[in-house]
Every structure is written in C-alpha cells, then in structure tokens.
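The sequence shown: position 31 = 31 (full-length UniProt numbering), numbered continuously. Ideal placement from N, C-alpha and C gives every residue a C-beta, glycine not left out. Worksheet: one structure, shown below.
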Amino acid sequence: MDGKRKTPQVLIIYEALAKRKVLSSIDQKRYQRLKCGYDGELLFDTFVQAQHTSFYVLHDLQLMFNDRFCQIDSVLLANNTMYIFEVKNYAGEYYFDHDALCMGDQVEIENPINQRNGTESLVRSFLQFHGYDIVVKAYIIFINPQCTVFHTPVDKQLLFYSNLKRFLLKLATNSHITQLDTQFSELLQASHNITHSYQQIPNYQCQELQKGVTCQHCGSFSFKITYSQVQCQECQQTEVVQCTILRHIEEFCFLFPFEKLTTKTIYEWCDGRIAVKRSSRITQVFSQEK
Ligand SMILES: [Zn+2]
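Encoded structure:
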C-alpha cells in the first residue's frame, strides 16, 4: 500500500479480457471507467512525488469498521494530520445543483461530496475507537485538466488540476512526520482490508476467451519468433521468449487461480504457438506438476 500504487486486480482482469474476449457494452464502459479512474490516481501520484517531502503516502486504503466500508484513493500523513484525497478523473463540463453533481446534459452522477463525507465519518469513528488525536482533512480532486465544474460550493474542499500543485506545495512547506503519524500509519496499514470485494469482477469462462500469445505493448496476437525473441508483427516490439512464457503463465494464473497449472494448459493458452519448457525458471514453475 505504501510505495508505488498497485494496479487494481479487477483492472488487470479487464485488461486481459479486453484482449481475449468481446466485452459487452456494459463491461466495456465499466472497463473504461475503471481505467480512467486509475489513470487519474496515477496522475495525482506524480503531483505528490514532485514534492519530494516527508509524508507518509498510502494508496488505495480500504478500511472496514463497524460493518462499514470505505476505499480511499490516497492518504497523506504528516503534522498529526490525515489528509484524505478522493480523485475524480472526469472530463467535460459539470455543475453542482444544490448538493447534486450533474453532467452538462443534466444527468445526475454519483455525488463525490456524499462519498467523501461518508469516508470522513468512518475515519473519525475509527480514530475515536483507537484513541488517536489526529486531525482529518478530506478533499475531492477533479484531476483532469479538461474538466470544468460550475457552481462549485466554496466550502466543500474541492481541488482542481490548476490549483493542485499550489495546494500540495503549501502542504509540503513545514510538513514533518511525527511519532504519532508513524504509529497511525502502521495502524492504518495493519487495518487495510482487501478481503472485502467492493469491485464487481466480470464473469468469464476459459472456453470463451481467445487463446494465443499477445503483445504486452499493443495486445496483438500476431507475432514471429526469431532466435530467443518474440517480435510483435503490429508494433514491432520484441520480448525474450522466456519472459513471454512467464507473462502468459502469470496471466493464466491470475484469470484462473483455481485451475491446475500444467505445461499443457499453458501450451493451449498460447494456442500451441510456443514451446513452453524452455528455461530453469519456467521448469521451476511446473516443478510440482504431476
Ligand atoms: Zn505489439
């Protein structure tokens, strides 16, 4: 959770399915929405990293407390303060109508203010329960530079691409990590709850997925092998054969964690286009094969 942000499991599954299966229009939209949200979070991370300052940074924190669940895109900890950030990568024009957030065509969308308030309330209960005297400040960030929001409520702690750098710079000035921040960071990491599946995993069966070797750059199934290299016929990128095989083993295990892993299954997963046992590392993967 600390360090670099991890790609959400559901997004990895969608990426694999998008290559190997025709997604329904609902799944296609969901995939785009998840990807867009994740790209926004990565963009926010670049702003934070640019500060080179002392914060604890926690990504994608998931807390369960008193039968309530919340997921927080980013948390910064310093100065006995927990800064909570909910990142929205919306593009286009939006406006607030009382407490509702609407798109330009008057379609009401999920209000991030309600979402943030729910998160804040849960975190305050969590702090109270554990007896931590930590200040909580929660913000919504409209990270997309192409996003315009009209009628923004002035007191709602909203940030935009244009003022984010200035905001973080101000935050970073005089920021320092206290002993309490360290203890609280450890508590948050220990409380991080990934067993609660808040993301809906799409349905898929092995039979309906296209088998074959895919390019890691463009997703193409078209390739040729030259010596120990696999070369994509679309984007011309190359990869060492062993890496290609390991990547496909990982992909298969990720999509089908309960399937038995054998050289035959991986050979078939690659549509019989690549010889599987080629290195000690790969042989090791199959060492328990019966
Ligand atoms: Zn390619």
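With 16 other Cβ atoms within 10 Å as the buried cut-off, status of residue i
i, result
"Ile194", "exposed"
"Arg116", "buried"
"Asp181", "buried"
"Met82", "buried"
"Thr214", "buried"
"His59", "buried"
"Glu108", "exposed"
"Ala190", "exposed"
"Thr119", "buried"
"Asn144", "buried"
"residue 295", "In the structure displayed, the chain extends from 1 to 290; residue 295 sits before or after that span and is not available."
"Tyr14", "buried"
"Cys218", "exposed"
"Phe129", "exposed"
"Arg273", "exposed"
"Ile26", "exposed"
"Glu186", "exposed"
"Glu239", "buried"
"Arg20", "buried"
Simplified DSSP assignment, three categories, for residue i
i, result
"Cys36", "helix"
"Tyr83", "strand"
"Gly3", "coil"
"Ala16", "helix"
"Lys88", "strand"
"Gln216", "coil"
"Arg273", "coil"
"Ala172", "helix"
"Leu188", "helix"
"Ile26", "helix"
"Val10", "helix"
"Gln210", "coil"
"Lys107", "The sequence given here has Val at residue 107, not Lys. If DSSP states are grouped into helix, strand and coil, Val107 belongs with coil."
"Glu41", "helix"
"Thr119", "helix"
"Val285", "helix"
"Thr238", "strand"
"Tyr139", "strand"
"Asp133", "coil"
"Thr262", "coil"
"Asp181", "helix"
"Lys290", "Below a pLDDT of 50, predicted positions are generally treated as unreliable, and Lys290, at 48, falls in that range; the measurement from the model is reported next regardless. In the structure shown, Lys290 sits in coil (DSSP, three-state: anything other than H, G, I, E or B)."
Straight-line Cα distance separating residue j from residue i
i, j, result
"Val22", "Ser125", "44 Å"
"Leu77", "Asp155", "22 Å"
"Phe256", "Ile245", "16 Å"
"Thr7", "Leu209", "22 Å"
"Gln200", "Ile249", "24 Å"
"Phe150", "Cys102", "10 Å"
"Ser121", "Val285", "46 Å"
"Gln5", "Gly131", "In the sequence as displayed, the identity of residue 5 is Arg instead of Gln. Between Arg5 and Gly131, the C-alpha separation is close to 29 Å."
"Leu261", "Ser24", "29 Å"
"Gln233", "Val241", "15 Å"
"Val276", "Cys243", "11 Å"
"Leu158", "Ile72", "16 Å"
"Val135", "Phe85", "14 Å"
"Tyr139", "Phe221", "43 Å"
"residue 295", "Glu251", "Nothing about residue 295 can be read from this structure; the chain reaches only from 1 to 290."
"Asn89", "Tyr227", "44 Å"
"Asn203", "Val10", "11 Å"
"Cys270", "Lys29", "28 Å"
"Thr265", "Phe254", "14 Å"
"Phe142", "Gln231", "40 Å"
"Cys147", "Gly104", "11 Å"
"Phe47", "Gln62", "22 Å"
Below-8 Å beta-carbon distance, residue i vs any chain D residue
i, result
"Thr119", "Of the protein chains in the structure, only one exists, and it is not chain D."
Tell me which residues pass a beta-carbon proximity test against ligand 1: closer than 6 Å to any heavy atom, given in chain order. For ligand 1, the selected residues are Cys215, His217, Cys218, Ser220, Cys232, Glu234, Cys235 and Gln237.
Are three or more beta carbon pairs between the stretch 94-103 and the stretch 35-43 nearer than 8 Å? The stretch 94-103 and the stretch 35-43 do not touch, with fewer than 3 CB-CB distances between them shorter than 8 Å.
So, does the stretch 167-176 touch the stretch 45-55, judging by three or more C-beta pairs under 8 Å? Contact holds: three or more Cβ-Cβ distances are below 8 Å.
When the Cβ atoms of the stretch 67-81 are set against those of the stretch 181-192, are three or more pairs found closer than 8 Å? Cβ pair count under 8 Å is three or more, so yes.
Under 8 Å: do the stretch 165-174 and the stretch 60-67 share three or more Cβ pairs, one atom per stretch? The stretch 165-174 is not in contact with the stretch 60-67.
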